[in-house]
Structures are given as structure tokens and as C-alpha cells.
Amino acid sequence: MIKQLEVDGVPALLAPVTGTTHAGLVFRVGLADEPPARRGITHLIQHLVLDGHRNGRVGAEHTYFHVQGSAERIAEFVTGVCAALRRLPTDRIDAEKKVLRSEDQPVGPLPTRRHGARDFGMAGYPEWGLAGLGAEHLNEWIARYFTRENAVLWVAGDAVPQGLALDLAEGERQPPPAPSAALAATPAWFAGPGEEVAWDTVVRREARAAVFANVLERRLHRDLCLRSEIAARVGTEYQPRAGRTARITAVAEPLPERAGAALGGTIDALAEMRAGRIEPDDVATVVELTCRGLREAERKGGRLPGQAFNVLAGLSVRSLDDAVTEASAVTVAEVAAVAATAYEAGLLMTPAGTSADWGGYPAASLPSSPISGRTLRARGNRSLRLVYSDEGVTVVGGGTVLYDTCAALLVGPDGSRELVGEDGAAVRVDPAAFRGGAALIEQIDARVPARVRVDLRSAESEADITDAR
Amino acid sequence: MLRAMLPRQPVLDPAVAYPTIATLRAALDAGDWPAARAVIDTAAPVERTLLLRACADREGTEEFLRGVLTADPADSAAAVLLAQRLMAVSWAARVRRKRGTPFREQLVEAESILVASVSRTPEDLAAWTARLTSARGLELGLPEARRRYDRLAELDACHLPAQSELLQQLTPRWGGTWPDAHTFARAATDAAPLGSHNAVLIAEAHLEQALGEGGGTASGARRHLASTPVLAEVSEAAARSVQHPEFRRTAGWVQVLNTFAMTFCLAGELRTAKTLFDALDGLGTEYPWHYLGDSAAGVIRSYRIRTVFTRGAPVGGDR
Numbered sequence: 055m056i057k058q059l060e061v062d063g064v065p066a067l068l069a070p071v072t073g074t075t076h077a078g079l080v081f082r083v084g085l086a087d088e089p090p091a092r093r094g095i096t097h098l099i100q101h102l103v104l105d106g107h108r109n110g111r112v113g114a115e116h117t118y119f120h121v122q123g124s125a126e127r128i129a130e131f132v133t134g135v136c137a138a139l140r141r142l143p144t145d146r147i148d149a150e151k152k153v154l155r156s157e158d159q160p161v162g163p164l165p166t167r168r169h170g171a172r173d174f175g176m177a178g179y180p181e182w183g184l185a186g187l188g189a190e191h192l193n194e195w196i197a198r199y200f201t202r203e204n205a206v207l208w209v210a211g212d213a214v215p216q217g218l219a220l221d222l223a224e225g226e227r228q229p230p231p232a233p234s235a236a237l238a239a240t241p242a243w244f245a246g247p248g249e250e251v252a253w254d255t256v257v258r259r260e261a262r263a264a265v266f267a268n269v270l271e272r273r274l275h276r277d278l279c280l281r282s283e284i285a286a287r288v289g290t291e292y293q294p295r296a297g298r299t300a301r302i303t304a305v306a307e308p309l310p311e312r313a314g315a316a317l318g319g320t321i322d323a324l325a326e327m328r329a330g331r332i333e334p335d336d337v338a339t340v341v342e343l344t345c346r347g348l349r350e351a352e353r354k355g356g357r358l359p360g361q362a363f364n365v366l367a368g369l370s371v372r373s374l375d376d377a378v379t380e381a382s383a384v385t386v387a388e389v390a391a392v393a394a395t396a397y398e399a400g401l402l403m404t405p406a407g408t409s410a411d412w413g414g415y416p417a418a419s420l421p422s423s424p425i426s427g428r429t430l431r432a433r434g435n436r437s438l439r440l441v442y443s444d445e446g447v448t449v450v451g452g453g454t455v456l457y458d459t460c461a462a463l464l465v466g467p468d469g470s471r472e473l474v475g476e477d478g479a480a481v482r483v484d485p486a487a488f489r490g491g492a493a494l495i496e497q498i499d500a501r502v503p504a505r506v507r508v509d510l511r512s513a514e515s516e517a518d519i520t521d522a523r
Numbered sequence: 004m005l006r007a008m009l010p011r012q013p014v015l016d017p018a019v020a021y022p023t024i025a026t027l028r029a030a031l032d033a034g035d036w037p038a039a040r041a042v043i044d045t046a047a048p049v050e051r052t053l054l055l056r057a058c059a060d061r062e063g064t065e066e067f068l069r070g071v072l073t074a075d076p077a078d079s080a081a082a083v084l085l086a087q088r089l090m091a092v093s094w095a096a097r098v099r100r101k102r103g104t105p106f107r108e109q110l111v112e113a114e115s116i117l118v119a120s121v122s123r124t125p126e127d128l129a130a131w132t133a134r135l136t137s138a139r140g141l142e143l144g145l146p147e148a149r150r151r152y153d154r155l156a157e158l159d160a161c162h163l164p165a166q167s168e169l170l171q172q173l174t175p176r177w178g179g180t181w182p183d184a185h186t187f188a189r190a191a192t193d194a195a196p197l198g199s200h201n202a203v204l205i206a207e208a209h210l211e212q213a214l215g216e217g218g219g220t221a222s223g224a225r226r227h228l229a230s231t232p233v234l235a236e237v238s239e240a241a242a243r244s245v246q247h248p249e250f251r252r253t254a255g256w257v258q259v260l261n262t263f264a265m266t267f268c269l270a271g272e273l274r275t276a277k278t279l280f281d282a283l284d285g286l287g288t289e290y291p292w293h294y295l296g297d298s299a300a301g302v303i304r305s306y307r308i309r310t311v312f313t314r315g316a317p318v319g320g321d322r
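Order-wise, the sequence lines are chains S and G. Under this note's numbering, the first residue of the first sequence is numbered 55, with each subsequent residue one higher. Under this note's numbering, the first residue of the second sequence is numbered 4, with each subsequent residue one higher.
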């Protein structure tokens, strides 16, 4: 049974547990809130606050700090997190940036293809903001997001530990960002950078969708790992979002030379589930595992983070009984219905050099239309051409970025400029590669606002200096 | 007098050996889908797969079949017929090497139709067989073809039309190796009962290798086919299929006999070839004779003439 109370003006959830007590402090801020030129700011704050401890996580919409142990340990940790947010240890900024650079692993291009260079697409980009971030940016970010009104505490134990104090600045509850759509239409496919096959979709957030995600995983495992030896690993993930939608992802990592079969098997599995071919045994097993998992989570306090996210989203806390009742009522027909809507909203990433046009998927396309204006030809590459005007730049046969909707301008160590549009389109201008490239770069620098500029040269020189020490 | 003794031009139209094809063609030409389904639905599995492919030459059936499929997207027979028709158009365009012909476009449409069809009716052997052909055309690679075959083999481990398709994919031309091809042919032969058609895969594999390594000519092919172990293996394959008392003239038998006949002709085993020609009684097939000339009928006739003048046990003088 989850109790709702308040600690120092912060909503708190308390539930008794069997086993280790633990607690967490969650804020309604994540990658999806970061502008491209500030990408990485939340992660940097999390690192500075934790001073090398790994008990924190930055997700798309939430950032949390969590701890296991005695009441004293919990009180000390949570109180310490708040104190560090009040007085950020800015002397460690450079050291933590270095740590982050070594950790940075973008999640692949699916989010950016679906959402663009904004909100839920930001997970697909590297932490571009690191180089330009100073103490003043971090404190501004904290003042906006790491506040009493934008936090929820959870405690898995018998009582809120003595001495736990939440000394946070006052602020406002920050609503979750709304997911943008960059794709002209779905379903759609695009070729990814490696061997991996990946797929994602967005559906309504409900128990049947979570069951579908798990049934899909069982199906992919059967088709790609058991029936034929195609994939080394398959997996799906169900990620609920505050805005009552959920993202479902599926990934198949092919065995060497088997990428084509991994793609074929994934296309067939998705098509068959869409057509309503759902194994009743899979649904029964997943429902049973889900209910068992919910009860187990309730005993250990594992439902608390999710319920804390609900409170931050203005939703009510769900009881275990409600959750179990909803999950156990999921039928094969309902899973089939989710499969059909999931298919329609699907975005499929194929292995590099392959296509999914034969599987009934149109190519993913952006809604932007090319610029007409002056043409620049690349030296020694007749097929590479840029067209630009006062409005923006187009790569012929590629993307278009308008200056008005430019999300990021990346300045490379070689003097190149890469424009990234809000829709995720990218246009790279290398002054050495194009006749007249220098003039275009002057125009780009003049037209693109400084706030979206990301100087990758400083990132590199900083890294050099740090390495040299 | 001598002229009258010589073999007639062989008949390549499969409808002569299988009148069911003629019935299905007539139903399709008349736009009578219930009549077409009546023919298709009463056919045995291999016959059904071959029937749905045999009508791919019916020009102008695309629109009719699209209409059938729109009215009932779950009609997998219509889906396979349409896909086979689109693939035939596509392969023909490739053979003619016409510039600007939508070779890939029709293959993509065919495959999309098949993906949707097997998603509803995954137990359709003819659809999976067609997807082995489209996988080659789209160059989806051997592992994907193998996956498709594995799905089919779960339903029927001895479906010869699909096995022939996979065998093609297993040759070096489509990303495989000769040992892969022979291993598969032997395993499929061993898994099938004595007297069944499947042993023809052994002849097909050797014929493909002989032609592939021999520059596509009859004289080049002989080197491989006349070697003692190859001839022994092909002879054993004939003994357990076309020469076996349990061999039945079910759908596909004409091509099985023709494949062995050509293999024995190229190996110089004209006496064995003659018994097969006699059994065929003028029935020929495009495959595999088309490898030796544009007119398969002409090629068959010229080889048959040679066997007529063959006497006694394997003719040394012919080697």
C-alpha cells in the first residue's frame, strides 16, 4: 500500500517493503527538455551532484537520484543531493565533463528520425552542449527544474528517515514536453548506420500496450533465435511517457552476415502480429509474468519510481490491485488491436545498405521541400551540390535546413559548419570542399542565432588540454 | 522413311501433361475467380504450388487478380498468382535488358503482396515458395532465403518446388557454394521417401555446377558430369526416383524426367537418357534445357536424335 505525504513541501510516496530499504528523489526534467546547444546539461548536473557516485539517472522526462541502505544513509544521501543542488560544486565541472565525454553513447538515430532535433529526439544526439556549459548555465537550469515544486520523493521503508531534509529552491512544476513529429508519414523505414535492425512506435499508454511489447519480444526471440539462428540478441522495451503515450522499441542484433535475415524476420513478425496472429500462450504467459512482477515490485518498492513519475505528471497513484486487475484483463484481441496501431505508427531502421521497401514500408521522408537559389558544386565530386538562399541551405538529393528553424549549428574543428534543422535534417558545409564555400559559411554564421551555435573546436581543444595534463 | 522415325518437336506447354493448368488458365482468362479457386483448392500441395506458378504467363491477369485481392485480402491463392505474374513480368524485363523497365518495382510489389499474404496465411506453401524466388530477385541474401525456407520446412520438409528454389540460392551465383548446394540436395533426397521426385535435386545441383564451371556449354559440362563419383551419385538419384517402382507421375514429373535426361545426355549416358525420353514421349520443359540454347524444344530434339542412334551399353565412342 503506497501512502502519500509531504516532506518539506515536496510530495512524497511511502511504502513498506520486505528487504532492503531505499529511497529516491525525482525531478521532472530530462533529455527531452534540453535544447541541442545545451544537450548534456542535465547529465552534467547529475554527475556534479553525485560526486562520482553512480546512483542517478537522466531519462527523457525524468532525472532521479536514488540510494539503498539504512535510514541514516538514506537521510544523508537525499539531504546531500539537495545541498549540492543549492551549492553546485562548480570546481569539478571540467573533470566531470571529461568523464561524460568518455561515457557518451548516443542511442542511435530512431528518436531523431521520429521527432527531430527537439524534445524526444534529443536522446539520439551526442552531448553537444558540454563544451559551452559554464556554472551560470547549470545554475539557471537548476533554478528552473530542480525545485521543490518539480520534485517527488519516494521512500521504500516504514517511515521517512529522521533527519531527511529537502532544502530545495522554490520554483514551478514543469509540464512534460509534447513529442514532436518529424516524419511525413508512418509506417516508414530508413537505413541505419550498422548491422542492427531496430523499430519503434508510439501507442497509448495502457497495460495492453505493455503486454504487446513483451509478446513481440517472445515472438522475435522465437523467430530470430530459435526457429533459425539469425540474431545474437533481441529485445523490446516499453517506455511510458507522462503524456499518456508510450514508446515501444524492438531491437535485433544479428549474428555475423545475418543482417538480411534479421530484417526479414522482423518484418514478418511485425506483419503477422499486425494481421492478428498473436499466440494466446504468449499473451497468457506475459500477463502472468506481468502480474507476478507487479506483486514482486510492490513488495520491494519497485513500483514507487513509476508512481512518483505519475505524481509529477499530475496523475494519481495507482494501487497494486488496479494495476493487476488491468493487466490480468488483457485479451489476445486487445493485444492484436495494439499490434495493428503500433504497426501503423512504426518506424523501421534497417541494416546499413539494405531497404525495407519490399516489406510494404515507404521510405521515411521529411516534410521540408528543397530551397531554390544559388548552387555550389563540390570539388572533385560532381554529384555533391548545395543550393542556398537567404532562407537556408539544401543538399541536393538530401536534406534542407531553414535558418528560421535551425536547431543547432555545429562548428567543426576543420572549419566546417553542420546545420541541424528542428526536423532533424542535417546539411554539412565544408569550406574546403566547395567552390565559394567560404562565402556561404559567412552567410550561415550571420543568419543562425548564436544561441544554437555549438563550437566543437573548443570541445576538442579542452579534451586535448585535459589529456595533456 | 528415316525422317518419319526421327523424334517430333517436343511439346513444352505444361498444360499438355497437366490439363488442370488449361482449366485454370481458362478460368483466369474468363475472369471467373470461383472457377479458378475450385481448381486451385482441390490440388495437392506440390500441384497447387506449380499451378499458381504455371499461370504466370497469362498476360493482362494483373488487374483481375488485384481486384480479387482487394475484395478479399486474405485470399492467398490470388496473392500468389499475382505475385508470380509480377515476377514473371519483372524477370522477362531483366532478360530483355530493356532500359528503364521497372524490374525492381514489380519485384517489390510482388514481395509486398507476399509479405501481407503470409502474415495472414503463414501455412501457404506456394507463398513461401514464391518468396524464395523474390528473395533472389531482390538480392536479399542467402540467410534471408534460408529463413524463408525454414519457415516453409516447418510446414512441409519435402516441398520440392521450394527446395529447387533454395538450391538455386545455394549455388555460388546467388551467394552459396557448391558444397552447400550438394549437401542440401543430398539431405532433401534422403529425407524424402523412395520413389519421390526430390532426388532430382541431386541432378539439378550437379547440372548447375557442370554448367557453371563449364562455361555454360555442353562440352564444358561433360567434364564434371562424366566423372565417376558424380555419375554414380546421379545414377543413384535416378534409381531412387525416376527408375524406382514407386515413382508416380504426379505434378512436376515431366520436369524431373527432363532434368535427369539432360544430365545423362551431357554425361554421355545416352542409353539411360533414351529410356527417359521414351518415357516422356515428346514432353519437354524449358528448365533445364534452356541453358543450352534459346529454343529449349530444338535442344531437346537434337539430343533425342542422338539417343535414337545409340546402341548397347554406355557408348564409349560418344565421349
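C-beta: ideal position from N, C-alpha, C; glycine also. Predicted model only: the values in this text are computed from it and were never measured.
How would you call Asp-322 (chain S), buried or exposed, if buried means at least 16 neighbouring beta carbons within 10 angstroms? Counting Cβ neighbours within 10 Å, Asp-322 (chain S) comes out buried, since at least 16 surround it.
If we call anything under 8 angstroms between Cβ atoms a contact, is Phe-250 (chain G) one with Gly-287 (chain G)? No; because the gap between Cβ atoms is not below 8 angstroms, this pair is not in contact.
In the DSSP assignment, what residue or residues form a beta bridge with Arg-471 (chain S)? S:Val-465, S:Val-483, per the DSSP bridge assignment.
Following the continuous beta strand (DSSP E) through His-120 (chain S), name the residue where it begins and the one where it ends. Looking at the DSSP string, the run of the beta strand (DSSP E) that includes His-120 (chain S) is 117–122.
Between Ile-321 (chain S) and chain G, is any beta-carbon pair separated by less than 8 angstroms? Taking Cβ atoms only, chain G reaches closer than 8 angstroms to Ile-321 (chain S), which makes this a yes.
Can you name the start and end residues of the alpha helix (DSSP H) that Val-305 (chain S) belongs to? Element bounds for Val-305 (chain S): not the alpha helix (DSSP H) but the beta strand (DSSP E), 299–308.
Out of G:Phe-312, G:Gly-301, G:Leu-53, point me to the one whose CA is closest to Leu-15 (chain G)'s CA. Comparing alpha carbon positions, the residue from G:Phe-312, G:Gly-301, G:Leu-53 closest to Leu-15 (chain G) is G:Gly-301.
Gly-217 (chain S): buried (16+ other C-beta within 10 angstroms of its C-beta) or exposed? Exposed, by the Cβ-count rule.
Assigned exposure category for Arg-134 (chain G) - 16 Cβ within 10 Å defines buried: Around the Cβ of Arg-134 (chain G), a 10 Å sphere holds 16 or more other Cβ atoms; the residue is buried.
What's the C-alpha gap between Phe-365 (chain S) and Val-83 (chain S)? A small correction: the amino acid at residue 365 (chain S) is Val; Phe does not occupy that position in the sequence shown. Using only the alpha carbons, I get a separation of about 14 angstroms.
Which of helix, strand or coil does DSSP assign to Tyr-442 (chain S)? Strand at Tyr-442 (chain S).
Between Ala-329 (chain S) and chain G, is there a C-beta pair that is closer than 8 angstroms? Interface residue (Cβ-Cβ distance to chain G less than 8 angstroms): Ala-329 (chain S) is classified as such.
Where does Cys-161 (chain G) sit, in a helix, a strand or coil, going by DSSP? Per DSSP, reduced to three states, the secondary structure at Cys-161 (chain G) is coil, with no helix or strand assignment.
With the cut-off set at 8 angstroms, would you say Ala-440 (chain S) and Leu-430 (chain S) are in Cβ contact? The identity of residue 440 (chain S) in the sequence shown is Leu, whereas the question assumes Ala. Yes, the pair counts as a contact, with Cβ atoms nearer than the cut-off.
Return the bridge partner residues of Phe-81 (chain S) from the DSSP annotation. Answer is S:Thr-117, S:Ala-205.
Arg-312 (chain S) by DSSP, collapsed to three states: which one? Coil at Arg-312 (chain S), not helix or strand.
So, helix, strand or coil for Arg-149 (chain G), using DSSP? Correct three-state label for Arg-149 (chain G): helix.
Note down the Cα distance separating Ala-517 (chain S) from Pro-310 (chain S), rounded to an integer number of angstroms. At Ala-517 (chain S) the pLDDT is 48, less than 50, meaning the model places this residue with poor confidence; the figure from the coordinates comes in the next sentence. Straight through space, the alpha carbons of Pro-310 (chain S) and Ala-517 (chain S) are spaced by roughly 35 angstroms.
Should Ser-419 (chain S) be listed as close to the ligand SAH, given that the test is whether its C-beta is under 7 angstroms from any heavy atom? You won't find the ligand SAH in this model; it holds no ligand whatsoever.
Can you round the beta-carbon distance between Ser-234 (chain S) and Gly-170 (chain S) to whole angstroms, since I take them to be within the 8 angstroms contact cut? The pair is a contact, with the Cβ atoms about 6 angstroms apart (cut-off 8 angstroms).
Just to confirm, are Leu-170 (chain G) and Leu-204 (chain G) a CB contact at a threshold of 8 angstroms? Closer than 8 angstroms, so yes.
Taking Arg-312 (chain S) as the query, report the chain G residues whose CB atoms sit under 7 angstroms from its CB, ordered along the chain. Neighbourhood of Arg-312 (chain S) in chain G, by CB distance below 7 angstroms: Pro-146, in chain order.
Taking only three categories from DSSP, how would you classify Ala-208 (chain G)? Reduced to three states, the DSSP call for Ala-208 (chain G) is helix.
To the nearest whole angstrom, what separates the beta carbons of Gly-400 (chain S) and Thr-255 (chain S), a pair I think is in contact under 8 angstroms? Rounded to whole angstroms, the Cβ separation of Gly-400 (chain S) and Thr-255 (chain S) is 5 angstroms, and the two are in contact under 8 angstroms.
Is there a Cβ of chain G sitting closer than 8 angstroms to that of Arg-281 (chain S), yes or no? Contact of Arg-281 (chain S) with chain G is assigned, a C-beta pair being separated by under 8 angstroms.
Tell me, please, whether the segment 178–194 of chain S touches the segment 57–64 of chain S by the rule of three or more beta-carbon pairs shorter than 8 angstroms. Under the three-pair Cβ rule at 8 angstroms, the segment 178–194 of chain S does not count as touching the segment 57–64 of chain S.
Within-8 angstroms CB hit, Val-233 (chain G) to chain S: Residue contact with chain S for Val-233 (chain G): absent (no Cβ-Cβ distance below 8 angstroms to any residue of chain S).
Cross-chain neighbours of Pro-17 (chain G) in chain S, by beta carbon under 9 angstroms: Chain S residues near Pro-17 (chain G): none, gap ~29 angstroms exceeds 9 angstroms.
Mind checking which residues open and close the alpha helix (DSSP H) that includes Asp-11 (chain G)? The identity of residue 11 (chain G) in the sequence shown is Arg, whereas the question assumes Asp. No alpha helix (DSSP H) holds Arg-11 (chain G); DSSP gives it neither H nor E.
Under the three-state reduction of DSSP, which class applies to Val-302 (chain G): helix, strand or coil? DSSP, reduced to helix, strand and coil, places Val-302 (chain G) within a helical segment of the structure shown.
Give the straight-line distance between the Cα atoms of Arg-51 (chain G) and Trp-36 (chain G), rounded to the nearest whole angstrom. Roughly 15 angstroms between the two C-alpha positions.
The beta strand (DSSP E) that contains Leu-402 (chain S), what's its start and end? For Leu-402 (chain S), the enclosing beta strand (DSSP E) begins and ends at 401–404.
Residue-level contact to chain S via CB, Val-259 (chain G), 8 angstroms cutoff: Using a CB distance cut-off of 8 angstroms, Val-259 (chain G) does not count as an interface residue toward chain S.
CA-CA distance, Ser-298 (chain G) and Arg-428 (chain S)? CA-CA distance, Ser-298 (chain G) to Arg-428 (chain S), rounds to 57 angstroms.
Of the residues S:Val-209, S:Glu-326, S:Glu-115, S:Arg-172, which one's Cα is nearest the Cα of Phe-131 (chain S)? Looking from the CA of Phe-131 (chain S), the closest CA among S:Val-209, S:Glu-326, S:Glu-115, S:Arg-172 belongs to S:Val-209.
Does Ser-115 (chain G) come within less than 8 angstroms of chain S when only Cβ atoms are used? For Ser-115 (chain G), the answer is yes, since a Cβ of chain S falls inside 8 angstroms of its Cβ.
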